[in-house]
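Structure, as structure tokens:
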Amino acid sequence: MANLKLTDVAKSYGTVNVLKNIDLDIETGELIVFVGPSGCGKSTLLRMIAGLEQITGGELQIDGMVVNDVPPSQRGIAMVFQSYALYPHMTVRENMQFALKIAKMDAAQIEERVERAAKTLQLHNLLDRLPKELSGGQRQRVAIGRSIVRDPKVYLFDEPLSNLDAALRVATRIEIAQLKEQMPNSTMIYVTHDQVEAMTLATRIVVLAGGGIAQVGTPLDLYERPENEFVAQFIGSPAMNLLPGTIVETGDRTVVDMEGGGRAVSTVPSREADRGMAVNIGVRPEDFVEADGAHIFRGKVGITEALGEVTLLYFEPQGGADPVIGKLQGIHKGLRGQDVALTADPAKVHVFMGTQSLLYRDRPVKEIATKAH
Amino acid sequence: MDAALLGLSTIIIGVGGCLGYFYFSNLFLDRVLFPPKGENAGRNINRANQIRPWLFVFPAMFALGLYLGYPVFETLRLSLIDRSQDNAFVGFANYNQMFAEAKFWEAMRNNMLWLIVVPAVSTAFGLLVAQLTDRIGWGNIAKSIIFMPMAISFVGASVIFKLIYDARPEGTAQIGVMNAVWMSFEGGIGSFIFLKVFPIILILSFAAMVAYIGYIVLRMAGGVWVMVLKLVAALFSVWMVVLSVQSVWGVATANLPYGEPQQWLTIPFFNNFFLMVVLIWIQTGFAMVILSAALRGIPEETVEAAVVDGANPFQIFFKIKVPQIMPTIVVVWTTITLTVLKIFDIVFAMTNGQWQTQVLANYMYDKLFRANDWGVGSASAMIIMLLVSPILIWNIHNARKEMR
Chain A
1 MANLKLTDVA
11 KSYGTVNVLK
21 NIDLDIETGE
31 LIVFVGPSGC
41 GKSTLLRMIA
51 GLEQITGGEL
61 QIDGMVVNDV
71 PPSQRGIAMV
81 FQSYALYPHM
91 TVRENMQFAL
101 KIAKMDAAQI
111 EERVERAAKT
121 LQLHNLLDRL
131 PKELSGGQRQ
141 RVAIGRSIVR
151 DPKVYLFDEP
161 LSNLDAALRV
171 ATRIEIAQLK
181 EQMPNSTMIY
191 VTHDQVEAMT
201 LATRIVVLAG
211 GGIAQVGTPL
221 DLYERPENEF
231 VAQFIGSPAM
241 NLLPGTIVET
251 GDRTVVDMEG
261 GGRAVSTVPS
271 READRGMAVN
281 IGVRPEDFVE
291 ADGAHIFRGK
301 VGITEALGEV
311 TLLYFEPQGG
321 ADPVIGKLQG
331 IHKGLRGQDV
341 ALTADPAKVH
351 VFMGTQSLLY
361 RDRPVKEIAT
371 KAH
Chain B
374 MDAALLGLST
384 IIIGVGGCLG
394 YFYFSNLFLD
404 RVLFPPKGEN
414 AGRNINRANQ
424 IRPWLFVFPA
434 MFALGLYLGY
444 PVFETLRLSL
454 IDRSQDNAFV
464 GFANYNQMFA
474 EAKFWEAMRN
484 NMLWLIVVPA
494 VSTAFGLLVA
504 QLTDRIGWGN
514 IAKSIIFMPM
524 AISFVGASVI
534 FKLIYDARPE
544 GTAQIGVMNA
554 VWMSFEGGIG
564 SFIFLKVFPI
574 ILILSFAAMV
584 AYIGYIVLRM
594 AGGVWVMVLK
604 LVAALFSVWM
614 VVLSVQSVWG
624 VATANLPYGE
634 PQQWLTIPFF
644 NNFFLMVVLI
654 WIQTGFAMVI
664 LSAALRGIPE
674 ETVEAAVVDG
684 ANPFQIFFKI
694 KVPQIMPTIV
704 VVWTTITLTV
714 LKIFDIVFAM
724 TNGQWQTQVL
734 ANYMYDKLFR
744 ANDWGVGSAS
754 AMIIMLLVSP
764 ILIWNIHNAR
774 KEMR
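Quick mapping for you: the protein sequence lines, in order, are chains A and B. Counting in this note's numbering, the final residue of the first sequence is number 373, and the numbers go up one at a time with none missing. Counting in this note's numbering, the final residue of the second sequence is number 777, and the numbers go up one at a time with none missing.
Now the structure itself:
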């Protein structure tokens, strides 16, 4: 029902810049997930869209209207808070009616909307209970119900699942996904620090880091073609391995001589001028395979973790860098202490020059924190 | 012996006695009564541990029993006998005599007046100050200043206010603030606004507040007793509204003696309010501190949710914040009510019950220690206890509920 446009939005407290240069276009019907490490400003950005925080620079448009100075209730948004923020002295029904009563809607219409929301969220038999008589998951549903009745243009979710236990979190995540399917025209913005939630729910993910946007894209885009080392390491678990090397061959395929011996081939194209440049090769643990001939990396296995489905190999650190991690499918025994050589499919080898991927070399380098974890 | 030396030795004997009691009583329990050895060692340890709490509680229970429990029964006995007739049992004669006295009913009426006005005004002001000082930089300084009267004794506060109400002969400088202000009114338009329009607005807003509270109480759900309570509260608020409308008429038609210094404490009926101001001045700080803490305890996100829901600041305050701290408001209200029921010092120090300002506690003091009428004095003490007990029980009940 609405599109959102953020133009050069910034937030500062006095001289401290929390967010800057936020440019974002959100289409009607999208479910956008803001994800990032704690303190990256993702909740602040959401609260700025909600109107709970002053926007100190740039412009926010909802449906083509600048709403920087419009009070929250008139922006056509509804928000679901991390702690649910239900009014403890009101029943579920009164909680859902509150906004409509404030808006002086007539009683019959209020009743109808509450009924409809209760039906959608299966809250029927809970309507006359107080919040303290509900379980965490039920409270979460009431909080969502409270926003549905207002029929907003944009739904804002601030880490809605972080107070639930693991099993309930998965169930509620699926409920939210189903809810989104039932309301294909509503725009949703969802803040989380959990990359699984981000990957499973999002139409597009916005990765925030160091007060700016590190990359915007579909979940698989971020996984397969990360723009910079930060996104590469933030998305995926365990994080992508970064190994230093020097470009020796350029063209459609780039060949890199690794510092630790070995040689990597990537399908990422490079230019003639790049020859001899220092780069970081990025390979996801799950993309490593045991090498027969040429290898990208060779090392001694320090610790192994057998998870049944996969086996994680932690190689002994070389030269003070983070330990290289490999993830092999299935069960592999007796690898501990062994010398193992690994290589990867050239299509899955990323090349980063000065933290920026060569795939996106024409985009301006973003000022972000360089480490994801 | 020197006074300081006497005090010091009292402290040493008192504290040493306490320590000695706890040490030696526990020693006796563990070494002599139930020693943790021999064939019944396990049983003895359990028994000793069952008795031990009573060793600690006993001194307090004994002291409270002697100084609070026993006097209740002794007062009850005294209220039923006549000392001048050789302690003969006279039944309810003392009570009957007291109920026939106009001064007693004056005290009852004034006590009720205090009961209505002081807790309501103190709580309302406390809540107002707590809310207004919550978000501002110098709020804490303002709060400290408003809290300060709490540190002044009732008698000290009474002396301060006696000076405020002081009157000097016409033509000389007025040292009392009230009369200094009063003398500046001469009957013009300013006087009309301040002494007619302003009080009328004040009374009308009081009426509106009472009506609103009555309306809230009326909407509460509950069983039969709550229904009865609701009805009483509703009738009470209607009565208050009627009284307010009458007072508005009174203010509008009153002929004010401009230019003459007033002996404020001798003006019947209104002098009660001049006395109440002293207690309100003191108790507002108490209400503010407790309510301020309660307001801080409200989850910020519920307020933000209300902002997103479109509530304006007044709606947020009355529909989100106040209902959430309602249990605390009730506790503050009843605590102040208890103080008010026992009010003595202020009346004693300022008017001593003259000019129709008598209250029950001062009436009791008058009878018991001035008129030496032990029967009627004890009877009035029993009346005060009867009035205080239900509120006290309710207060403890509420305070416990909130602590859970």
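Built from N, CA and C at the ideal position, the CB exists for glycine as well. In this text, all values refer to a predicted model and were calculated from it rather than measured experimentally.
What residue range is occupied by the uninterrupted beta strand (DSSP E) comprising Tyr-468(B)?
Looking at the DSSP string, Tyr-468(B) is not in any beta strand (DSSP E); the run it does join, the alpha helix (DSSP H), is 466-472.
Between Phe-407(B), Trp-612(B), Trp-728(B), Thr-626(B), which has its C-alpha nearest Asn-644(B)'s C-alpha?
Trp-728(B)
Excluding the 5 residues flanking Pro-238(A) on each side, which residues of the same chain have their C-beta closer than 6 angstroms to its C-beta?
Pro-285, Ile-325
Segment limits, alpha helix (DSSP H) that includes Asn-413(B):
Taken as a continuous stretch (DSSP letters only), Asn-413(B) belongs to no alpha helix (DSSP H), as it is neither H nor E.
Residue(s) in a DSSP beta bridge with Lys-300(A)
Asp-339(A)
Is Ile-757(B) buried or exposed, if buried means 16 or more other CB atoms sit within 10 Å of its CB?
buried
Return the Cβ separation of Ile-698(B) and Ala-667(B) in integer angstroms, given the expectation that the two are a contact with Cβ distance under 8 angstroms.
4 angstroms
With DSSP as the reference, identify every bridge partner of Ile-281(A), one or two as the case may be.
Leu-243(A), Val-351(A)
Spatial neighbours of Arg-271(A) in its chain, beta-carbon cut-off 7 angstroms, leaving aside the 5 residues before and after
Thr-250
Whole-angstrom Cβ separation of Gly-245(A) and Ile-281(A), contact assumed at under 8 angstroms?
5 angstroms
First and last residue of the uninterrupted beta strand (DSSP E) at Ala-209(A)
204-209
Taking only runs that begin and end inside the region 441-518 of chain B, name each unbroken alpha helix (DSSP H) of 4 or more residues, in chain order.
443-452, 466-472, 475-505
Under the three-state reduction of DSSP, which class applies to Val-732(B): helix, strand or coil?
coil
Cross-chain neighbours of Asp-682(B) in chain A, by beta carbon under 7 angstroms:
Ser-73, Phe-98, Ala-99, Ile-102
Cα-Cα separation between Lys-348(A) and Glu-673(B), rounded to whole angstroms
47 angstroms
Just curious, the beta strand (DSSP E) that Tyr-190(A) is in, first and last residue?
187-192
Contact under 8 angstroms by Cβ, Val-80(A) with Ala-177(A):
no
In the DSSP assignment, the beta strand (DSSP E) including Tyr-155(A) goes from what residue to what residue?
154-158
Which residues in chain A have a C-beta closer than 8 angstroms to the C-beta of Ile-693(B)? List them in chain order.
Tyr-87
For Pro-686(B), return the contacting residues in chain A, with the cut-off set at a CB-CB distance below 8 angstroms.
Chain A residues near Pro-686(B): none, gap ~11 angstroms exceeds 8 angstroms.
Could you tell me which chain A residues have their CB closer than 8 angstroms to the CB of Ala-667(B), listed as they occur along the chain?
What Ala-667(B) touches in chain A: nothing, since even the nearest Cβ is about 13 angstroms away.
Whole-angstrom Cβ separation of Ile-110(A) and Gln-97(A), contact assumed at under 8 angstroms?
5 angstroms
Reduced DSSP category for Glu-316(A) - H, G, I as helix; E, B as strand; rest coil
coil
Run of the beta strand (DSSP E) containing Gln-61(A), from where it starts to where it stops:
57-62
Can you list the residues of chain A that Glu-677(B) reaches, using a CB-CB cut of under 9 angstroms?
Arg-47, Ala-50, Leu-52, Pro-72, Met-79, Phe-81, Ala-85
Should Ala-754(B) be labelled buried (16 or more other beta-carbon atoms within 10 Å of its own) or exposed?
buried
Where the beta strand (DSSP E) containing Ala-10(A) begins and where it ends:
4-13
Measuring CB to CB, does Ser-156(A) end up less than 8 angstroms from Leu-46(A)?
What sits at residue 156(A) in the sequence shown is Leu, not Ser. Yes, they are a contact pair.
Could you give the distance in angstroms between the alpha-carbon of Ser-38(A) and the alpha-carbon of Leu-208(A)?
10 angstroms
Can you pull out the residues from the region 695-711 of chain B whose beta carbon lies closer than 7 angstroms to at least one beta carbon of chain A?
Pro-696, Gln-697
If you draw a straight line from the alpha carbon of Tyr-585(B) to that of Ser-610(B), how long is it in whole angstroms?
9 angstroms
Can you determine whether any heavy atom of the ligand MN sits closer than 7 angstroms to the C-beta of Trp-706(B), and answer yes or no?
Of the ligands one can find in the structure shown there are none, so the ligand MN has no counterpart to examine.
For Ala-734(B), which residues in the same chain have their Cβ closer than 7 angstroms to its Cβ, ignoring the five residues on either side in sequence?
Lys-715, Ile-716, Phe-717, Ile-757
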